[in-house]
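Colleague: Before we start, here is the structure in question, set down as structure tokens.
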Amino acid sequence: MGLLALSTSPCSGATEAMQDSVLTIHEVEVTARPLQKQVSAITPAQQMDADELSAIAAHTAADAVRHFAGTNVRDYGGIGGLKTVSVRGLGATHTAVSYDDVVVSNCLAGQIDLGRFASSSLGSITLHVGQSDNMLATARALASGSLVSMSSRQPTREDSKRYALEANLQSGSYGFVEPSINYFQRLGTHTSSVINASLSQAHGRYPYTLVNGTKITTEERINTDITQFLGEWDLHHQFTHGGKLDTKLYAYTSERGLPGAIILYNSNSTERLADRSLFFQARYTKQWNHRWQLRTIAKYTYGWNRYTDTNVKYVSGKQVDENLQHEYYAQATLLYRPTLAWSFSLAQDGFINTLESNLPSCPFPTRYTSLTALQAQYRSHWLHLRGILLGTLINETSQKAQGSQLKAHSSTQELSPTLSASLRPFTEIPLHIRLMYKHTFRMPTFNDLYYFRSGNKDLRPERAHEYNLGLTWQSPQWGALQSFSFTADGYFNDVTDKIVAFPTTYVWKMANYGRVHITGLDATLNAHLRLHRHIGATLSAGYTLQHAIDVTDPTAQTYGLQLPYTPIHSGSARLLLTTPWVNMGYSILWSGQRTSMSDPSPRYRLAPYAEHTLTLSHTFTTRHTLLTTRAEAINFTNTQYQIIQYYPMPGRQFRLTLGVRLKK
């Protein structure tokens, strides 16, 4: 005890002395830059936020997706043309599209038209190869080879005002006019509402250059008009017990012309398409503590379309095809984190699809689908592991003939594993090595099975095996360079029982024909520079090298040849410059040579092209009002090109936007 008293007495005296004095130290600011999403993601991911969407003049989600490495957007030209995306050569039916974490569906064609989603209502858009890092993901989102995830503009803490109203008027070339409105209303302490609506119209007639040997003429694209309305209503409520409810009502309607192929100067087209689409979805999320989290989703989807064509080749002189789809969807995901490193989740999805049509011999099918996904994840500072086992059960019933009570029944079961890993070998350096294997399969769509002109009810599911090996790196901050990241991913996809349209004696029929090997490389870089206190620049670029070849039959003439409409080289770049006076955005899209058939003959070759876009914008700010002006020059070099042969794309076009935002 004496020794203890001797040892503690000096400390006690020092403590009393320190209480009589004040020690002042200089302020120290500690900052840390989080890893960018594309660097830390266990599977390849690319993202754009609202500012980038505006800078590249992206009018729809399709315009944005074109800038992601590894994507191929099919565009038949025209303002209202169908726009679908294929990722890494797998086809549009292997790409899921989700809106606020809920997958958008089209059981008829299996492809989602990204032109239906206005970029003005999006907060961000992300492309995931394989799946996202979200452990609360639905089983349906995990079932596809890739995922385009769109998030609507959400209220933030900055939206402390009672309401905010934003109105825009956009006008441009080819008779394009689009008024739109975005209205945010705080309904209470824990409740808010967001309404987005837009009405667009255009005659769509644009000039194009037609080359016929040595003769070059200027023609005009016809039957390209469109009138469409898009409306969304989001309601958000935060419960006092910690749960959150998000609902969305989406409505879309359009009337459009379908421009035909330009062959032998014949540009006449009388095809028309009318669409009506509506869905309502509700998402509830509840977290009890750091261990347990639950999310449930309910959704109803209504889809109707009518295709008409007036032509003497029809007996009545006119063909009218009408289709009506319904989908009923329910989902629940339970997440459990027993430790900081380990997490597990179980997702159960169930949905029912029905189809009615006026087509001859329509079997009026009903498809029942159950998807169950079990996920396990381990995460430490240097290792990230994730495994997914997806079970699929599909039962389908259909009438053998229109009006008949006899039923046909089919059943499909499948287990699809996914394994992915990300390794950070050096703690001090944000360098990651990532690997992925994913097995997916896609059921034939209702069109593949039952469309009376080409359907084949005996089709087998199309299966794909995806392999990925990637490297990601993010540099430390250095001078004016605030951030710099680089990713490179090599991949190999093996597709079997590919569903294609195959010619028979009189008509084309859908068939399981072929095997495809797709080998490629996707590379991206992102850099942000602070050039001055109020001047910044953001540079993003992507490059894709892709060999997609037919390996079905070694004796066939197409064996080893590049698949149609798949360029070996393609890429994009975009630059956003922000200043106190004006914000400037520049982007370029380019594609190498492609062919329209599995034939390298000159008559099937499509020339390389590059499309340049420039935007200039400025925002005037007052106490409660923001006034924004933006000018866009799209394809300002007037490049004449085709994505699909005989379907010329628009040349140079301009758009001007005036926007007003009120806050109170």
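Start counting at 1 in the sequence shown, then tack on 11, and there's your number in the working numbering. For each residue, glycine too, the CB sits at the ideal point set by N, CA and C.
Buried or exposed: where does N300 fall if 16 or more other Cβ atoms within 10 Å of its Cβ makes it buried?
Modeller: It is exposed - the Cβ of N300 has fewer than 16 other Cβ atoms within 10 Å.
Colleague: Compute the Euclidean distance between the alpha carbons of T640 and T630, then round it to the nearest angstrom.
Modeller: When rounded, the distance between both Cα atoms is 7 Å.
Colleague: CB A621 to CB L600, shorter than 8 Å?
Modeller: A contact, by the Cβ cut-off of 8 Å.
Colleague: Confirm, please, whether the CB-CB distance from K94 to V108 is below 8 Å.
Modeller: No; because the gap between Cβ atoms is not below 8 Å, this pair is not in contact.
Colleague: I need the straight-line Cα distance from Y311 to L588, nearest angstrom please.
Modeller: Roughly 42 Å separates the two Cα atoms.
Colleague: CA-CA distance, P55 and L246?
Modeller: Approximately 32 Å, taken between the alpha carbons.
Colleague: Where does T650 sit, in a helix, a strand or coil, going by DSSP?
Modeller: In this structure, T650 counts as coil in the three-state DSSP scheme.
Colleague: Is the number of C-beta pairs between the segment 140-153 and the segment 172-186 that are closer than 8 Å three or more?
Modeller: The segment 140-153 vs the segment 172-186: no contact.
Colleague: Look up F62 in the DSSP assignment and say whether it is helix, strand or coil.
Modeller: Reading the sequence as shown, one finds Asp at residue 62 and not Phe. Correct three-state label for D62: helix.
Colleague: Which of the three DSSP states is assigned to S131 in this structure?
Modeller: If DSSP states are grouped into helix, strand and coil, S131 belongs with the helices.
Colleague: DSSP has P218 in a bridge; who is on the other side?
Modeller: Partner(s): E231.
Colleague: Secondary structure at F452, three-state DSSP: helix, strand or coil?
Modeller: The answer is strand: DSSP assigns F452 an E or B state.
Colleague: Thinking Q47 and S494 are a contact (beta carbons under 8 Å), I'd like their distance in whole angstroms, please.
Modeller: Their Cβ separation, rounded to whole angstroms, is 7 Å, which keeps Q47 and S494 in contact under 8 Å.
Colleague: Thinking just about the alpha-carbon of each residue, which of S354, D459 and R283 is nearest to the one in D320?
Modeller: Ranking S354, D459 and R283 by Cα distance to D320 puts R283 first.
Colleague: Suppose the cutoff is 6 Å on Cβ atoms and the five residues either side in sequence are ignored; what does the same chain contact list for V331 look like?
Modeller: Contacts found: T319.
Colleague: Is the closest heavy atom of the ligand GDP to the C-beta of Y448 under 7 Å?
Modeller: The ligand GDP is absent from the structure shown, which contains no ligands of any kind.
Colleague: What do you reckon, are the CB atoms on E473 and Y448 nearer than 8 Å?
Modeller: Against a cut-off of 8 Å, the Cβ pair of Y448 and E473 comes out as no contact.
Colleague: Excluding five sequence neighbours on each side, which residues of the same chain lie with their C-beta closer than 8 Å to the C-beta of F665?
Modeller: So the list reads G183, S184, A642, E643, A644 and I645, once near-sequence residues are dropped.
Colleague: Is the segment 61-80 in contact with the segment 446-460, if contact means three or more CB pairs nearer than 8 Å?
Modeller: Judged by Cβ distances under 8 Å, the segment 61-80 makes no contact with the segment 446-460, as fewer than three pairs qualify.
Colleague: Among A175, D459 and S433, whose alpha-carbon lies nearest the alpha-carbon of L198?
Modeller: Residue A175 is the option with its Cα nearest to L198.
Colleague: In angstroms with no decimal places, state the Cα-to-Cα distance between A491 and I546.
Modeller: Rounded to whole angstroms, A491 to I546 spans 11 Å at the Cα level.
Colleague: From L339 to I510, what does the alpha carbon distance come to, in whole angstroms?
Modeller: As written in the sequence, residue 339 is Tyr, which differs from the Leu given in the question. Cα to Cα, Y339 sits roughly 27 Å from I510.
Colleague: Between L669, Y652, V671 and K675, which has its C-alpha nearest D86's C-alpha?
Modeller: Out of L669, Y652, V671 and K675, Y652 has the C-alpha closest to the C-alpha of D86.
Colleague: Using only CA atoms, which one of L669, K674 and L673 lies nearest to L180?
Modeller: Residue L669 is the option with its Cα nearest to L180.
Colleague: Can you tell me which of I192, R445, G242 and L335 puts its alpha carbon nearest to the alpha carbon of R435?
Modeller: Nearest of I192, R445, G242 and L335 to R435, Cα basis: R445.
Colleague: So which of Q165, D469, T137 and V98 has the shortest CA-CA distance to A475?
Modeller: The option with the nearest alpha carbon to A475 is V98.
Colleague: What residues in its chain sit with their C-beta under 6 Å from that of D2, if we drop five residues either side in the sequence?
Modeller: The requested residue 2 does not occur in the structure, where the chain is confined to residues 12 to 675.
Colleague: Could you tell me if L241 is buried or exposed, where buried requires 16 or more neighbouring beta carbons within 10 angstroms of its beta carbon?
Modeller: Classification for L241: buried.
Colleague: Return no unless some Cβ of chain D is closer than 8 Å to the Cβ of L138.
Modeller: Checking the listed chains, one finds no chain D in this structure; it contains a single protein chain.
Colleague: Based on the DSSP secondary-structure assignment, which residues constitute the bridge partners of D360?
Modeller: Answer is Q342 and L382, bridged to D360.
Colleague: With DSSP run on the structure shown, which of helix, strand or coil describes L370?
Modeller: Three-state result, L370: coil.
Colleague: Taking the beta carbon of L426 as the centre, do at least 16 other beta carbons fall within 10 Å, making it buried, or is it exposed?
Modeller: With fewer than 16 Cβ atoms within 10 Å of its Cβ, L426 is classed as exposed.
Colleague: Can T408 and P376 be called in contact, C-beta distance under 8 Å?
Modeller: Cβ distance < 8 Å, so T408 and P376 count as in contact.
Colleague: For H539, I'd like the list of residues in its chain whose CB is within less than 6 Å of its CB, leaving aside the five on either flank, ordered along the chain.
Modeller: Excluding sequence neighbours, H539 sits near Q493, S494 and T549.
Colleague: How is Y502 classed by DSSP in three states: helix, strand or coil?
Modeller: Correct three-state label for Y502: strand.
Colleague: What does the alpha-carbon distance come out to for the pair V41 and P591?
Modeller: Here V41 scores only 40 on pLDDT, less than 50, and its place in the model should not be relied on; the value that follows carries that caveat. Near 28 Å, if we compare the C-alpha coordinates of P591 and V41.
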